[in-house]
Amino acid sequence: MKTMIVCASRYGSTLEIGRWIAERLPWESVDVYPVEKAPEPEGYELVLLGGGVYNEVVSKEIVEYAEKHLTFMKDQKVVLFAVCLDTKGVYMRGKIHGGWNYLKPLLDLFKDQLPIHAGVLSGEINPKKLNEKDYNLLMTFYNKILKRNFTEVPYRTLMNKLEVWEFVEKALSRLEGRF
Ligand SMILES: Cc1cc2nc3c(=O)[nH]c(=O)nc-3n(C[C@H](O)[C@H](O)[C@H](O)COP(=O)(O)O)c2cc1C
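Numbering-wise, our numbering puts 454 at position 155 of the sequence shown, and it's gapless, one number per residue.
Structural data, given as structure tokens:
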């Protein structure tokens with residue numbers, strides 16, 4: 300099945316996850332693209348769209364790519380995923396934050412042409428890779444919002460190949476009409 304995986308990845312983890320997905324798919328023809336280099340999805344039967352989460356929402360670049368090619372993708376099988384740290388979400392003062400909420404802009408786009416599968420996968424923050432703006436933003440988040448007392452952004456990885464492969468296996472079941 301000719302497959303394309305498009306990843307909007309500012310710091311590389313979403314792209315790495317895209318490659319793990321490709322590794323687990325049981326056919327040869329799987330192309331993984333960073334969104335900025337992705338061609339049109341023409342000719343592909345299965346399209347996976349993934350984006351990192353920044354400031355509580357999936358990357359706008361992947362949403363824009365999906366918007367641009369939405370009509371075309373009505374004839375294709377689509378899988379959506381977001382990559383972040385807070386994959387589960389939390390309840391706080393009457394609201395749910397994180398988790399599936401992050402993927403909502405993409406899910407909303409596809410409400411009339413339902414994706415076969417979607418998920419929220421675990422990523423990482425590597426302070427060595429961050430640009431200055433994001434580094435400072437995260438310091439403010441940790442110290443002002445979470446009220447920590449960090450002197451630097453901590454390295455944190457939740458990257459989990461098993462989780463990614465389980466996600467792929469679920470998508471494969473859906474392709475076969477199973478749940
Ligand atoms: C500026 C910034 C904001 C972030 N905001 C969130 C957030 O709101 N929720 C979350 O769970 N993770 C957040 N993260 C963590 C990213 O989702 C995580 O680093 C992800 O793996 C990034 O993917 P990438 O490496 O493909 O860019 C943030 C990271 C950065 C750098």
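Cβ coordinates follow ideal geometry from the N, Cα and C atoms, glycine included.
Cβ-Cβ separation, residue j to residue i (assumed contact under 8 Å), whole Å
{"i": "Val382", "j": "Gly342", "result": "Not quite, the Cβ-Cβ distance comes to about 26 Å (not below 8 Å), so this is no contact."}
{"i": "Asp385", "j": "Gly397", "result": "4 Å"}
Residue i vs residue j beta-carbon contact at 8 Å
{"i": "Val334", "j": "Val356", "result": "no"}
{"i": "Met300", "j": "Leu347", "result": "no"}
{"i": "Gly418", "j": "Phe380", "result": "yes"}
{"i": "Gly311", "j": "Lys428", "result": "yes"}
{"i": "Val362", "j": "Leu405", "result": "yes"}
{"i": "Tyr401", "j": "Val463", "result": "no"}
{"i": "Ala365", "j": "Ile415", "result": "no"}
Exposed unless 16 or more other CB atoms sit within 10 angstroms - verdict on residue i
{"i": "Thr456", "result": "exposed"}
{"i": "Val389", "result": "exposed"}
{"i": "Met391", "result": "exposed"}
{"i": "Glu315", "result": "buried"}
{"i": "Thr370", "result": "exposed"}
{"i": "Ser358", "result": "buried"}
{"i": "Leu413", "result": "exposed"}
{"i": "Glu451", "result": "exposed"}
{"i": "Asn442", "result": "exposed"}
{"i": "Ser328", "result": "exposed"}
{"i": "Phe466", "result": "buried"}
Residue i - containing alpha helix (DSSP H), residue span
{"i": "Pro333", "result": "Taken as a continuous stretch (DSSP letters only), Pro333 belongs to no alpha helix (DSSP H), being part of the beta strand (DSSP E) at 329–333."}
{"i": "Val362", "result": "359–368"}
{"i": "Ile316", "result": "312–323"}
{"i": "Ala470", "result": "460–474"}
{"i": "Leu408", "result": "403–408"}
{"i": "Lys432", "result": "431–439"}
Where the beta strand (DSSP E) through residue i begins and ends
{"i": "Val378", "result": "376–383"}
{"i": "Ala417", "result": "416–421"}
{"i": "Lys394", "result": "394–396"}
{"i": "Val346", "result": "345–353"}
{"i": "Thr302", "result": "302–307"}
{"i": "Met372", "result": "Element bounds for Met372: n/a, residue is neither H nor E."}
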